[in-house]
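Contents: one structure, followed by commentary.
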Ligand SMILES: Nc1ncnc2c1ncn2[C@@H]1O[C@H](COP(=O)(O)OP(=O)(O)OP(=O)(O)O)[C@@H](O)[C@H]1O
Ligand SMILES: [Mg+2]
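Protein chains in written order, with the working numbering: chain A, 8 to 279; chain B, 6 to 265; chain C, 2 to 264.
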């Protein structure tokens, strides 16, 4: 059983995928190192800042308290933020559904699909906050600009997600109906939508979670009101870290509830 | 001294029922033993108690005289490296090449450091290559495991177990996911290992005819208990019925076709 | 007859869901004080205004070098924050995943930490961090790091449990040490997903970095804010063009990479 002497292994052929992955990892590593040299800290003493962060975090999480808003005002603010998230999700879903039908390759003509997909890629590339600010010029800062701007980004996202869900629908079942003489509306109504429904629901829900976060951000950065604006005031105007803590808890509680519901939805779907 | 001695082993996954309920047997060096039983009988549990992938609730298991249930963590690593194992779903790292997967069988012999960095000697690589030649995969050594057929994957699994230089080989449904042709190649390889290298083989099998054809001895398990232990010649239809309970009907049909 | 009943009931359920959404939308309109009519009027207004004012003109092109420099600054912040968070997130995910955890307590702690960091929005983190780090790139870097870290821990914990449980069992059976199991099985198995999630988060974080920049007074977001507030809309629109080009470029590169890496 002993092998003949000095037999050697064949040479290992080149593997593109592994080579590319290594290259990416090295590239990101180098970029990160460069990033650290470029990252300016605004002349803040790092050691002081970190210890201050530790103090602040302790105050934030262990001694939250309201000061400039009442509990009911906090709840209204939270309601405004949730409302913005909900409304823009509904609008985004309606627009998203229509345009996704026009851009899923298995049910729409190629030219239309390319057109819609290209357009939505650009819509998505522009950060939501910039959409809101653009609309704010003609509509003024406030909920109108926030809803419009957030709807744009939301729709861009959902068009892509829905279209991909439609494209995942089994080609055989579409073919079967087409063979039976069904028209486009029948196929959409009887095969594509029902089969994609679980995916559509979970994408929509995911987008609602994102829109809730975005609504906070728009309050803070684009004057959209709600809890984001309250936080902005507590942080930049009143410099009240304890109040920030109260707002943070309000956000966390709602977000964690959403996460739990999403997990439930997901397990229900996979068990089906 | 038996290679494997199992005594009064019980296993409960929490809850009141026992997946293994007082199992005892001994296996001598060089035996080829098949364990058969219906789905959920506890076959996989039993096999995993042998190398302590699952801890027993009570009872003892000894491999080569070492009590598996009492051995320390480092002792367990030393023990596991002499026990090869192959799996129904092969359990290979699909992203890695065939030879890298085979070399994983040497990890039990490595220090934590060289194992962590995957530093293998030239001799180990050559040995992996030879084993792959022996199982007929010399052409595929640099292919990713994900690209292989089921039968080829299982042969990689066998090579990974063999490079451990095991005295005992545990096989959990090695052919359950294979077509008849690939299954025959895998079972023939296992027989070859058993006869030429003298490695003891313990295999969970779902197919009674395969157990009959390849094993020297068959252990029948039902609801966590051993209900039959003897040579294939004593495995009568009544006993099969006893082992498989309600599943027996279908099996008997299949067997009938086989013998017709 | 029964199937007819069933169909009717299903229709009724769908109808009720839609009715519920409609009512909830109405409540949301009231709470947010959203003016529906004004909303519809604003769209054509915005289109007309944009076509008249919101395009880069010749004068604004002179600012291009500055815009590109700021874009680069933002890109670097986003990439650095993402890679660092991805790396630390991988370590925490290994400690927390069911298949690799040293003890079940680690799972609970990892999950809780991930949930905390992910569910507090990046803008909220920025505002919190402003207290101690002031207006600087580093504040934005940390805010992006926190959120990305939370996201990566959750996703990678799932990836590890879904994709490497089998091979972990096999390597344990050979007597491999715990660290060898991780480097030889968990890392190679999860690496493609890891790279893919990292690229995804880089894409997301470039957009988030713009927002964070507005809050922390840095990068391309701040530059946009300055032009916007000084009513220099031509320059502001050029900023948007640069962002769109950068995002689309990075998206297409990372899609190409993903195709090869995930095969
Ligand atoms: N991790 C686990 N947690 C809880 N119960 C388990 C677990 N693994 C197995 N069981 C239970 O233990 C019993 C025996 O399972 P085991 O997998 O050993 O059966 P098996 O004979 O290998 O079945 P099969 O032929 O289907 O593989 C079953 O009732 C099963 O439900
Ligand atoms: Mg089993």
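Yeah, the Cβ is synthetic: ideal placement off N, Cα and C, and Gly gets one too.
Please look up how many angstroms separate the CB atoms of residue 119 (chain C) and residue 155 (chain C), rounded, as I've assumed it's under 8 Å.
Yes, they are in contact, since the Cβ atoms of residue 119 (chain C) and residue 155 (chain C) sit about 6 Å apart, within 8 Å.
Apply the 10 Å Cβ neighbour rule to residue 74 (chain C) and answer buried if 16 or more other Cβ atoms are within range, or exposed otherwise.
The residue in question, residue 74 (chain C), is buried, as its Cβ has 16 or more Cβ neighbours within 10 Å.
So what's residue 89 (chain B) in DSSP terms, helix, strand or just coil?
Correct three-state label for residue 89 (chain B): strand.
Please check if any C-beta of chain B sits within less than 9 Å of the C-beta of residue 254 (chain C).
No - not a single Cβ of chain B is within 9 Å of the one on residue 254 (chain C).
Using a Cβ-Cβ cut-off of less than 7 Å, list which residues of the stretch 105-137 of chain B approach chain A; keep chain order.
Flagged, chain order: 130, 131, 134, 135.
Please tell me whether residue 259 (chain C) has its Cβ less than 9 Å away from any Cβ of chain B.
Closer than 9 Å: no.
Is the CB of residue 186 (chain C) under 9 Å away from at least one CB in chain B?
Yes - at least one Cβ of chain B is within 9 Å of the one on residue 186 (chain C).
Are the beta-carbon atoms belonging to residue 182 (chain B) and residue 141 (chain B) less than 9 Å from one another?
No.
In whole angstroms, give me the CA-to-CA distance for residue 48 (chain A) and residue 249 (chain C).
One C-alpha to the other measures close to 29 Å.
Could you check what DSSP says for residue 223 (chain A) in three-state terms: helix, strand or coil?
Reduced to three states, the DSSP call for residue 223 (chain A) is helix.
Is any non-hydrogen atom of ligand 1 found closer than 8 Å to the C-beta of residue 94 (chain B), if you look at the structure I gave you?
No, the Cβ of residue 94 (chain B) stays beyond 8 Å of every heavy atom of ligand 1.
Could you tell me how far apart the beta carbons of residue 214 (chain A) and residue 99 (chain A) are, in whole angstroms, since I believe they sit closer than 8 Å?
Contact flag correct, Cβ pair sits at about 6 Å.
Just curious, the alpha helix (DSSP H) that residue 241 (chain C) is in, first and last residue?
Here the alpha helix (DSSP H) through residue 241 (chain C) covers 234-263.
What separation, rounded to the nearest whole angstrom, lies between the Cα atoms of residue 265 (chain B) and residue 52 (chain B)?
Low confidence applies to residue 265 (chain B): its pLDDT is 39, below 50, so where it sits in the model is not reliable, and the reading given next is rough at best. Residue 265 (chain B) and residue 52 (chain B): Cα-Cα distance of roughly 33 Å.
Let me see if you follow: with CB-CB separation under 9 Å, is residue 102 (chain C) close to chain B or not?
Not an interface residue.
Can you tell me whether DSSP reads residue 71 (chain C) as helix, strand or coil?
Correct three-state label for residue 71 (chain C): helix.
By how many angstroms is the C-alpha of residue 112 (chain C) removed from the C-alpha of residue 8 (chain A)?
The predicted position of residue 8 (chain A) is uncertain, since its pLDDT is 44 and thus under 50; a value taken from the coordinates is nonetheless stated next. Spanning the two alpha carbons is a distance of roughly 53 Å.
Consult DSSP for residue 174 (chain B) and reduce its assignment to one of helix, strand or coil.
Residue 174 (chain B) falls in the strand class under three-state DSSP.
Residue 54 (chain A) CB to nearest chain C CB: under 9 Å?
It does not: the Cβ of residue 54 (chain A) has no partner Cβ on chain C nearer than 9 Å.
Would you list, in chain order, the members of the stretch 18-35 of chain A that have their beta-carbon closer than 8 Å to a beta-carbon of chain C?
Cβ contacts with chain C come from 23, 24, 27, 28, 31, 32, 35.
Rounding to the nearest angstrom, what Cα-Cα distance links residue 222 (chain A) and residue 98 (chain C) in this structure?
In a straight line, the C-alpha of residue 222 (chain A) is about 32 Å away from that of residue 98 (chain C).
With 16 other CB atoms within 10 Å as the buried threshold, where does residue 81 (chain C) fall?
Label assigned to residue 81 (chain C): buried.
Between the Cα of residue 122 (chain B) and the Cα atoms of C:228, C:45, C:177, which residue gives the shortest distance?
Ranking C:228, C:45, C:177 by Cα distance to residue 122 (chain B) puts C:177 first.
Kindly indicate which three-state DSSP category residue 232 (chain A) falls into: helix, strand or coil?
Three-state DSSP puts residue 232 (chain A) in coil, outside helix and strand.
Using Cβ-Cβ distances below 9 Å, what residues of the stretch 189-209 of chain B are close to chain A?
So the list is empty, because no residue satisfies the distance condition.
From residue 279 (chain A) to residue 199 (chain A), what does the alpha carbon distance come to, in whole angstroms?
Unreliable positioning characterises residue 279 (chain A) in this predicted model, as indicated by a pLDDT of 40, which lies under 50. A coordinate reading is not provided.
Suppose you measure from the CA of residue 88 (chain C) to the CA of residue 198 (chain C); what does that come to, to the nearest Å?
Cα to Cα, the separation comes out at about 11 Å.
List in chain order: all unbroken alpha helix (DSSP H) runs of 4+ residues lying wholly within the stretch 121-185 of chain A.
135-146, 150-174, all fully within the stretch 121-185 of chain A.
Identify which residue in C:139, C:117, C:18, C:38 has its Cα closest to the Cα of residue 262 (chain A).
Here the closest residue by C-alpha is C:117.
Using a Cβ cut-off of 9 Å (strictly closer), state whether residue 77 (chain A) contacts chain E.
Of the protein chains in this structure, namely A, B and C, none is chain E.
Considering only residues of the same chain and omitting the five flanking positions on each side of residue 160 (chain A), which have a CB-CB separation below 6 Å?
Hits under 6 Å: 135, 138.
Under the assumption that residue 34 (chain B) contacts residue 73 (chain B) (Cβ atoms under 8 Å), give the Cβ distance between them as a whole number of angstroms.
About 17 Å separates the two Cβ atoms, so there is no contact after all.
If you count every other CB in all the chains shown that lies within 10 Å of the CB of residue 144 (chain C), and 16 or more means buried, which is it?
So residue 144 (chain C) ends up on the buried side.
Closer than 8 Å by C-beta to residue 185 (chain C): which residues in its own chain qualify, once you throw out the five before and the five after it? Chain order, please.
Same-chain partners within the cutoff: 172, 177.
Determine the burial state of residue 153 (chain B): buried for a count of at least 16 other Cβ atoms within 10 Å of its Cβ, exposed for fewer.
It is buried - the Cβ of residue 153 (chain B) has at least 16 other Cβ atoms within 10 Å.
May I ask you to check if the CB of residue 182 (chain B) is nearer than 8 Å to at least one heavy atom of ligand 2?
Answer for residue 182 (chain B): no, Cβ out of range of ligand 2.
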